[in-house]
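At position 455 of the sequence shown the residue is numbered 631 (the working numbering), and the sequence of numbers has no breaks.
Backbone N, C-alpha and C define an ideal beta-carbon position, used for all residues, glycine too.
Quick caveat, the model's predicted, so the values are computed rather than measured.
Okay, structure first, notes after.
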Amino acid sequence: MSTLNPAQAAAVRYIDGPALVIAGAGSGKTRVITEKIAYLITECGIKPTQLIAVTFTNKAAQEMKSRVASLLKGKQSRGLAISTFHTLGLNLLRQEHTTVGLGKNFSILDQEDAKGLLQQIMQRDYGDNTAVLEDIQRAISYWKNELLSPEKAQSQAKDEKELLHATVYSAYVRYLRAYNAVDFDDLILLPVQLLQQHPVILEKWQNKIRHVLVDEYQDTNYCQYTLIRLLTGVRAAFTLVGDDDQSIYAWRGARADNFSRLQADYPIIKVIKLEQNYRSCQSILRAANQLIANNPHVFEKKLWSDKNHGNKIRVLQTKTDIDEAKRVVLDLINHRFRHQTTYNNYAILFRSNHQSRPVEQALREHAIPYQLTGGTSFFSRSEIKDCMAYLRLITNPEDDAAFLRIINTPRREIGPSTVEKLSDYARSRGVNLLAASNELGLSQVLADRALKQVQGFSRWIYHTAAQLTERPTAADIKAMLEELDYFTWLLDNSANPKAAERANKHVEDLLALIEKMLQDEEKTLSDVIARLALLDLIDRNSKEQERDEVQLMTLHAAKGLEFEHVYLIGMEEELLPHRNSVEAETIEEERRLTYVGMTRAKRSLTFTLSSMRKRYGEQQDCLPSRFLSEIAAEELEWEGKSAVSMEENVAKGEEHLAFLQKLLGVGSE
177 MSTLNPAQAA AVRYIDGPAL VIAGAGSGKT RVITEKIAYL ITECGIKPTQ
227 LIAVTFTNKA AQEMKSRVAS LLKGKQSRGL AISTFHTLGL NLLRQEHTTV
277 GLGKNFSILD QEDAKGLLQQ IMQRDYGDNT AVLEDIQRAI SYWKNELLSP
327 EKAQSQAKDE KELLHATVYS AYVRYLRAYN AVDFDDLILL PVQLLQQHPV
377 ILEKWQNKIR HVLVDEYQDT NYCQYTLIRL LTGVRAAFTL VGDDDQSIYA
427 WRGARADNFS RLQADYPIIK VIKLEQNYRS CQSILRAANQ LIANNPHVFE
477 KKLWSDKNHG NKIRVLQTKT DIDEAKRVVL DLINHRFRHQ TTYNNYAILF
527 RSNHQSRPVE QALREHAIPY QLTGGTSFFS RSEIKDCMAY LRLITNPEDD
577 AAFLRIINTP RREIGPSTVE KLSDYARSRG VNLLAASNEL GLSQVLADRA
627 LKQVQGFSRW IYHTAAQLTE RPTAADIKAM LEELDYFTWL LDNSANPKAA
677 ERANKHVEDL LALIEKMLQD EEKTLSDVIA RLALLDLIDR NSKEQERDEV
727 QLMTLHAAKG LEFEHVYLIG MEEELLPHRN SVEAETIEEE RRLTYVGMTR
777 AKRSLTFTLS SMRKRYGEQQ DCLPSRFLSE IAAEELEWEG KSAVSMEENV
827 AKGEEHLAFL QKLLGVGSE
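Listed below in structure tokens is the structure:
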């Protein structure tokens, strides 16, 4: 506590009512949360089991757990719940599943599985109109985050399109219940509905909890905000930590107006501002403050630092996006050589994924190692989804989404026509697909050969479920896959033997992870599968920076990270701010997104822009981003405003690179 600054110490010690901690970028918010947890336990007499701390990624939750463990001794933290919002919701549903109307081993559908279920509904009732699937999925997610039921969504529909979406929403909810499944949004929605509709359960949970701490409050949606209010009740014993200037996830339901809602719902709330930044030099913070001042604020704040002034923010203007990529890479090479630093000190940030392509090409041309965040995540790989589907169906026989994924993987000569007839029969009987596979009446629907294949698969699932104990070993599960001849199927369906070898290794990694979780957490296989289903959904971009590589990522993915040197490319109108935001008049979020990018930089920040950029297959003229004009001219150092000076800079960079290669005895390839 003695090393906290006055604002941090005030946030830790305040326990007299609801508290909102406005934590600017790099202001030590995680330390405040972990110190407050320790303070509540050691100084205020609150038991660890009476505290809940929530955030948005597994990585952040693990970091909090580690820091709290270092502050508390021995068993002081035993029973402390530090998790993501969705894990909190999952735990609540696990305990109250009967009241919610779910079976014990309910399944969690990821985005792909949910989309597959929506596709079935559309094909059955509306023909092959799959082009609108993503729009419908987004609409359903929005309605759930806003606590709108299918009936309410239908009554509020403004046109035929919204009415269609709401009608599909209604069918989708019915199918989820029939499959004993929930989707990602349900992990918050269903606990909220449970607590709203059952006063006895609400009182039980409110009595269990003495204080709730929330990290990244600016990322909460209305449903999550409501869950906080319900759990804390009239005592309102909570500490919310966030920054409205870093609210950049409106597209997935985050509500920046949750800050103003607090003032209305809790007039006595204590507001504490963390404005001292421990990350960036003064020049970067001054420019970031000037930019974000153009947004309206519920709570005003201004970041400051006692670090050195630092250099001005450079602005590099090039002729085309290809030139931009070359200029950035050559500048990075030059800077790295002059300062004798490593590649992982550099980040190249951009608004849209397509901007990375010319940069990647330029990095490859100069043999510079890099990591592009946002590639295929572990749990999104086909072989992992197959294995997870088998384990989901074994632990939850009502999981029709899992059934449909693996019914013909590996191939069992069960075609689409057979699956469609089986699905229609199951719906008519009001049972799940696995149960329908064993009913006598199915023989009236399927031909003998198809019936034999379906029933053979069904018997195998039931037999395997009986064979696997609640705590199987990796060897047990591998034996199951070998019995399926799954590894041979992988080899036959991979692009080449090396791809099959990689897929096999991924499966081995999954089995090892399951076995470790079964041992470490003392959970059943069903519990472990449910938790694994959350990992990829919550935290797709949490890969640690282990190697010496330049980091490439979108501005959204960069939130929460920091780098010594940052290049923010594409500072142009219709790119940053994005054209969609300009048309929708949501410039404020684009400004916040730029602010987030700027405040990732510790020592140097460079903006780049092009006079022309390839869009929709042709070169188009570009205008500088309005955000550049919102920063005082004296904070920026413009270079290469003309095509001639750009070409001279590129030539100088090439000459410098050639000299370095000659000096180091390295030939360019």
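Nearest residue (CA-CA) to residue i, options the options
{"i": "Leu352", "options": "Ile209, Gln332, Leu366", "result": "Leu366"}
{"i": "Asn453", "options": "Thr775, Leu737, Gly202", "result": "Gly202"}
{"i": "Ser786", "options": "Pro753, Met774, Met747", "result": "Met747"}
{"i": "Leu627", "options": "Glu219, Lys597, Gly200", "result": "Lys597"}
{"i": "Trp636", "options": "Ala612, Ile570, Leu701", "result": "Ile570"}
{"i": "Tyr546", "options": "Cys563, Ala777, Tyr519, Ile560", "result": "Tyr519"}
{"i": "Lys495", "options": "Lys692, Gln796, Leu804, Leu324", "result": "Gln796"}
{"i": "Ser881", "options": "Gln271, Asn680, Ala733, Thr784", "result": "Here the chain comprises residues numbered 177 to 845, so residue 881 is not present and cannot be evaluated."}
{"i": "Ser878", "options": "Glu658, Ser613, Asn465", "result": "Coverage of the chain is limited to positions 177 through 845, which leaves residue 878 absent and any answer about it impossible."}
{"i": "Gln287", "options": "Lys384, Ile312, Glu813, Glu336", "result": "Ile312"}
{"i": "Glu750", "options": "Glu211, Arg490, Ile763, Phe739", "result": "Ile763"}
{"i": "Ala199", "options": "Trp480, Val630, Thr645, Arg625", "result": "Trp480"}
{"i": "Ala229", "options": "Lys778, Met240, Gln620", "result": "Met240"}
{"i": "Asn608", "options": "Ala578, Asn756, Pro586, Arg243", "result": "Ala578"}
{"i": "Asp291", "options": "Asn181, Val621, Arg314", "result": "In the sequence on display, residue 291 carries Lys and not Asp. Comparing Cα positions, the closest option is Arg314."}
{"i": "Arg779", "options": "His511, Phe739, Ala187, Tyr348", "result": "Phe739"}
{"i": "Ile243", "options": "Gln516, Gly193, Thr210, Leu799", "result": "Going by the sequence as given, residue 243 is Arg instead of Ile. It is Thr210 whose Cα lies nearest to the Cα of Arg243."}
{"i": "Leu708", "options": "Gly193, Met564, Leu644", "result": "Met564"}
{"i": "Leu731", "options": "Asp562, Tyr425, Lys328", "result": "Tyr425"}
{"i": "Lys790", "options": "Arg625, Leu580, Asp703, Asp497", "result": "Asp497"}
Rounded straight-line distance, which links the Cα of residue j to that of residue i
{"i": "Tyr190", "j": "Leu227", "result": "16 angstroms"}
{"i": "Arg514", "j": "His754", "result": "35 angstroms"}
{"i": "Leu461", "j": "Lys488", "result": "11 angstroms"}
{"i": "Ser670", "j": "Tyr662", "result": "12 angstroms"}
{"i": "Pro443", "j": "Phe475", "result": "14 angstroms"}
{"i": "Ala523", "j": "Ser801", "result": "20 angstroms"}
{"i": "Val417", "j": "Gln299", "result": "45 angstroms"}
{"i": "Ile217", "j": "Thr549", "result": "38 angstroms"}
{"i": "Leu363", "j": "Glu219", "result": "33 angstroms"}
{"i": "Ser246", "j": "Glu794", "result": "56 angstroms"}
{"i": "Ala195", "j": "Asn267", "result": "25 angstroms"}
{"i": "Asp361", "j": "Phe282", "result": "15 angstroms"}
{"i": "Pro326", "j": "Leu694", "result": "38 angstroms"}
{"i": "Ser718", "j": "Ala734", "result": "Low confidence applies here, because Ser718 scores a pLDDT of 46, under 50, leaving its location unreliable; read the following figure in that light. Cα to Cα, the separation comes out at about 11 angstroms."}
{"i": "Ala185", "j": "Ala214", "result": "13 angstroms"}
{"i": "Arg540", "j": "Val505", "result": "10 angstroms"}
{"i": "Glu761", "j": "Lys205", "result": "31 angstroms"}
{"i": "Asp441", "j": "Arg411", "result": "13 angstroms"}
{"i": "Phe555", "j": "Ile284", "result": "13 angstroms"}
{"i": "Ala623", "j": "Leu340", "result": "36 angstroms"}
{"i": "Gln238", "j": "Val630", "result": "43 angstroms"}
{"i": "Arg716", "j": "Gln620", "result": "Confidence at Arg716 is low in this model, with a pLDDT of 44, below 50, so its placement is unreliable and no value can be given for it."}
Assigned exposure category for residue i - 16 Cβ within 10 Å defines buried
{"i": "Val820", "result": "At Val820 the pLDDT is 42, less than 50, meaning the model places this residue with poor confidence and gives no usable figure here."}
{"i": "Ser818", "result": "Confidence at Ser818 is low in this model, with a pLDDT of 43, below 50, so the placement of that residue should be treated as unreliable; the coordinate-derived value is given next. Ser818 is exposed by the Cβ-count criterion."}
{"i": "Gly277", "result": "exposed"}
{"i": "Thr402", "result": "buried"}
{"i": "Lys478", "result": "exposed"}
{"i": "Glu765", "result": "buried"}
{"i": "Tyr302", "result": "exposed"}
{"i": "His639", "result": "exposed"}
{"i": "Trp319", "result": "buried"}
{"i": "Val197", "result": "buried"}
{"i": "Trp381", "result": "buried"}
{"i": "Gln493", "result": "buried"}
{"i": "Pro573", "result": "buried"}
{"i": "Lys561", "result": "buried"}
Should the region 425–440 be called in touch with the region 386–395, which here means at least 3 C-beta pairs below 8 angstroms? yes
For the 8 angstroms Cβ check, are there 3 or more pairs between the region 414–425 and the region 467–479? yes
If we require 4 or more residues per run, which alpha helix (DSSP H) segments fall completely within the region 229–312? 234–247, 261–276, 287–302
Kindly provide the ranges of any alpha helix (DSSP H) runs that are 4 or more residues long and lie completely inside the region 328–358, ordered along the chain. 336–354
Inspect the CB distances between the region 529–541 and the region 492–503 and report whether three or more fall short of 8 angstroms. yes
I want to know whether the region 273–289 touches the region 365–380 - three or more CB-CB distances under 8 angstroms. yes
Would you check if the region 729–747 and the region 765–785 touch, i.e. whether three or more CB-CB distances between them fall below 8 angstroms? yes
So, do the region 724–738 and the region 574–594 have three or more beta carbon pairs nearer to each other than 8 angstroms? no
Three or more C-beta pairs under 8 angstroms: does that hold for the region 231–243 against the region 253–268? yes
I'd like to know if the region 685–705 and the region 649–662 are in contact, where contact means that at least 3 CB-CB pairs between them fall below 8 angstroms. yes
Counting only runs of 4+ residues fully inside the region 642–727, write out the alpha helix (DSSP H) ranges in chain order. 650–660, 662–669, 673–696, 701–714
Tell me the start and end of each unbroken beta strand (DSSP E) in the region 391–443 that is at least 3 residues and wholly inside, in chain order. 414–418
The region 671–678 touching the region 598–610, judged by at least three CB pairs closer than 8 angstroms: no
Jot down the residue ranges of each uninterrupted alpha helix (DSSP H) in the region 737–821, minimum 4 residues, whole runs only, in chain order. 755–760, 763–774, 802–805
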